[in-house]
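Step one of this worksheet: look at the structure below.
Protein chains: 2
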Amino acid sequence: MRVLKYAILGLLDKGRLSGYDITSKFKEEIGHFWSAKHSQIYPELKKLTEEGFVEYQIVIQGTKLEKKVYSITELGKTELHEWMNQYSPIPETQKDEFMLKAYFVSSMSPEEAKQLFEDQLEKRKQTVVFLEERFQEFEGKEEPISFSSPDFGHYLVLSRALEREKSYISWLERMIKRIGG
Amino acid sequence: MRVLKYAILGLLDKGRLSGYDITSKFKEEIGHFWSAKHSQIYPELKKLTEEGFVEYQIVIQGTKLEKKVYSITELGKTELHEWMNQYSPIPETQKDEFMLKAYFVSSMSPEEAKQLFEDQLEKRKQTVVFLEERFQEFEGKEEPISFSSPDFGHYLVLSRALEREKSYISWLERMIKRIGG
DNA sequence: ATTTAATATGTAAATAATTACATGTTTATT
DNA sequence: AATAAACATGTAATTATTTACATATTAAAT
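So the sequences go chain by chain: Z and G.
The opening position of the first sequence corresponds to residue -16 in the numbering used here, with each subsequent residue numbered one higher.
The opening position of the second sequence corresponds to residue -16 in the numbering used here, with each subsequent residue numbered one higher.
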């Protein structure tokens, strides 16, 4: 389904970026929900250029470093818009290695199970601390962020990531009580 | 990291299964958190046999249909146990195509955005109805399910899947209010 | 009796994604 | 001035996953 194609088109629709910039974006907030390594991004950019969905300009950084700055074409915008408005079915499987282990919990002693769950809980709590810090940016405002703000997408992603973790933590805590151990 | 290897070992640790049975299992409750197609399962079973983690017996179904019924070996049990007790880092990215679209929401009109979110909400609600039906099995009991029950893993997976969806729905509903549209 | 759905097992080809290989420049720090 | 970190771009090899190809038996429904 080439989701990476649309991920790149969506990023470029927000502004001009190099392959390196796109790689960096996937390490930031959108990385909670989609990412790719540079080894996947550079060939995809090449393909998108050939297909006419993006184009680039070479910019010299310093005295000789050649940087390719990509922008989305009109054709690319049409393509992006089509994908955005087309219903994507929810995948039945959202892979989660921890939950796979949880399903096999009967192969463990209660002590081992408790350890497994406590470790997961601790890590998830650390993630929440990190996410809540980022989220400050939106909470401290006089007016709550609105749809028309260019940062609304950023807000959506951060608030969802935060809620997802909080829900996971709440469940882990209840299950730890059940395990006893 | 060959997670499929451990998924298969974990399933076989619960009981003897054919490749077809394993494929079926991935369409049931554990499929919410891990799955694979039969075209991936059969080669993996072959490899696991060569490595000595599983073994099989040929069982005749009917008069001539040859079925390979796999079981986990002692070596396989050791291997499974090692993985179960080894900490797996939480992947930074849990891919979610809808959230990728949400991040790009500024490329849409409020009407389009509302449609996108409402569609997602409806589908998630349908999933909850389905999951809640399955979950009845555990709710109607006099005694709540305990760690020692062989169905505890099943309970963990179903309760987590249900909570995950409920959390998603609650967030979607709040965000739809924000979009206005 | 016939048809359909479910059971059963594989391989081949294509796509997606990660890890490793490979190189060079620029900016910030010491 | 030297070093380290960040910027910058690619390819190769491997692994993971999906879709398509390919075939046959058995059980259930009509």
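Glycine is no exception: its CB is placed at the ideal position from the N, C-alpha and C atoms.
{"Check": "Under 8 Å by Cβ, that's how I've got K51 of chain Z and I41 of chain Z pegged, so tell me the actual separation to the nearest angstrom.", "Outcome": "6 Å"}
{"Check": "Could you check which residue in G:L48, G:Y53, G:L31 and G:A19 has the C-alpha nearest to that of L0 of chain G?", "Outcome": "G:Y53"}
{"Check": "Does F150 of chain G come within less than 7 Å of chain Z when only Cβ atoms are used?", "Outcome": "The sequence shown places Ser at residue 150 of chain G, rather than the Phe named in the question. Yes, S150 of chain G lies at the interface with chain Z (some Cβ there is under 7 Å from its Cβ)."}
{"Check": "Which residues in the same chain have their Cβ closer than 6 Å to the Cβ of R143 of chain G, if we skip the five residues on either side of it in sequence?", "Outcome": "none"}
{"Check": "Relative to the alpha-carbon of F118 of chain Z, which residue among Z:F130, Z:D134 and Z:L104 has its alpha-carbon at the smallest distance?", "Outcome": "Z:D134"}
{"Check": "Taking Q69 of chain Z as part of the beta strand (DSSP E), name the residues at either end of that continuous run.", "Outcome": "Per DSSP, Q69 of chain Z belongs to no beta strand (DSSP E) and is neither H nor E."}
{"Check": "Tell whether a beta-carbon distance below 7 Å holds between S22 of chain G and F9 of chain G.", "Outcome": "no"}
{"Check": "Using CA atoms only, rank isn't needed, just tell me which of Z:G2, Z:G35 and Z:T6 is closest to L49 of chain Z.", "Outcome": "It should be noted that the sequence gives Glu, not Leu, for residue 49 of chain Z. Looking at the Cα atoms, Z:G2 is the closest of the given residues."}
{"Check": "Mark V140 of chain G as exposed unless 16 or more other C-beta atoms lie within 10 angstroms of its C-beta, in which case mark it buried.", "Outcome": "buried"}
{"Check": "Between the alpha carbons of S131 of chain G and E62 of chain G, how many angstroms are there, rounded?", "Outcome": "23 Å"}
{"Check": "Buried or exposed: which applies to V112 of chain G, given that a residue is buried once 16 or more other Cβ atoms fall within 10 Å of its Cβ?", "Outcome": "exposed"}
{"Check": "Kindly give me the distance between the Cβ atoms of L155 of chain Z and R107 of chain Z, rounded to whole angstroms, as I take these residues to be in contact under 8 Å.", "Outcome": "7 Å"}
{"Check": "State the Cα-Cα distance for the pair E116 of chain Z and K149 of chain Z, rounded to the nearest angstrom.", "Outcome": "14 Å"}
{"Check": "By the DSSP assignment, the beta strand (DSSP E) with V42 of chain Z in it spans what residues?", "Outcome": "V37 to Q44"}
{"Check": "Since V37 of chain G meets chain Z, which of its residues come closer than 9 Å, beta carbon to beta carbon?", "Outcome": "Here the premise fails: no neighbours, minimum Cβ distance about 15 Å."}
{"Check": "Using the three-state DSSP reduction, which class does I55 of chain G fall into: helix, strand or coil?", "Outcome": "strand"}
{"Check": "Note down, in chain order, every chain Z residue with its Cβ under 8 Å from the Cβ of I162 of chain G.", "Outcome": "F130"}
{"Check": "Report yes if the CB atom of V88 of chain G is closer than 7 Å to the CB atom of G136 of chain Z, and no otherwise.", "Outcome": "yes"}
{"Check": "Going by Cα to Cα distance, which pick from G:E120, G:T46 and G:F36 is closest to K(-12) of chain G?", "Outcome": "G:F36"}
{"Check": "Among all the DSSP beta bridges, which residues are the ones paired with K50 of chain G?", "Outcome": "G:V42"}
{"Check": "Measure from the C-beta of T61 of chain G to each C-beta in chain Z and report whether the shortest distance is under 7 Å.", "Outcome": "no"}
{"Check": "Could you round the C-beta distance between E80 of chain G and S71 of chain Z to whole angstroms and report it? I think they count as a contact, below 8 Å.", "Outcome": "5 Å"}
{"Check": "Starting from the beta carbon of G123 of chain Z, find every residue of chain G whose beta carbon is closer than 8 Å, and list them in chain order.", "Outcome": "Those within 8 Å of G123 of chain Z in chain G number zero; the least Cβ separation is about 17 Å."}
{"Check": "Would you grab the beta carbon distance between F100 of chain G and I152 of chain G for me? Rounded to a whole angstrom, and I think it's under 8 Å.", "Outcome": "Wrong, their Cβ atoms sit about 11 Å apart, outside the cutoff."}
{"Check": "Spatial neighbours of I43 of chain G within its chain, please: C-beta separation below 7 Å, excluding the five flanking residues on both sides.", "Outcome": "E49"}
{"Check": "Does DSSP classify S189 of chain G as helix, strand or coil?", "Outcome": "In the structure as shown, chain G starts at -16 and stops at 164, and residue 189 of chain G therefore has no counterpart that could be examined."}
{"Check": "Counting only Cβ pairs nearer than 7 Å, list the residues of chain G close to E146 of chain Z.", "Outcome": "S150 and W154"}
{"Check": "State buried or exposed for Q103 of chain Z, treating a residue as buried only when at least 16 other CB atoms are found within 10 Å of its CB.", "Outcome": "buried"}
{"Check": "Give me the residue from Z:M158, Z:R157, Z:Y138 and Z:I159 with the minimum Cα distance to P157 of chain G.", "Outcome": "What sits at residue 157 of chain G in the sequence shown is Arg, not Pro. Of the candidates Z:M158, Z:R157, Z:Y138 and Z:I159, the one whose C-alpha sits nearest the C-alpha of R157 of chain G is Z:Y138."}
{"Check": "Which of helix, strand or coil does DSSP assign to I128 of chain Z?", "Outcome": "coil"}
{"Check": "On a CA-only basis, which of Z:K160, Z:L145 and Z:I159 is nearest H15 of chain Z? Give me that one, please.", "Outcome": "Z:L145"}
{"Check": "Using 10 angstroms around the beta-carbon of K(-16) of chain G, count the other beta-carbons present and answer buried if the total reaches 16, otherwise exposed.", "Outcome": "Note on identity: in this sequence residue -16 of chain G is Met, with Lys being the wrong assignment. Classification for M(-16) of chain G: exposed."}
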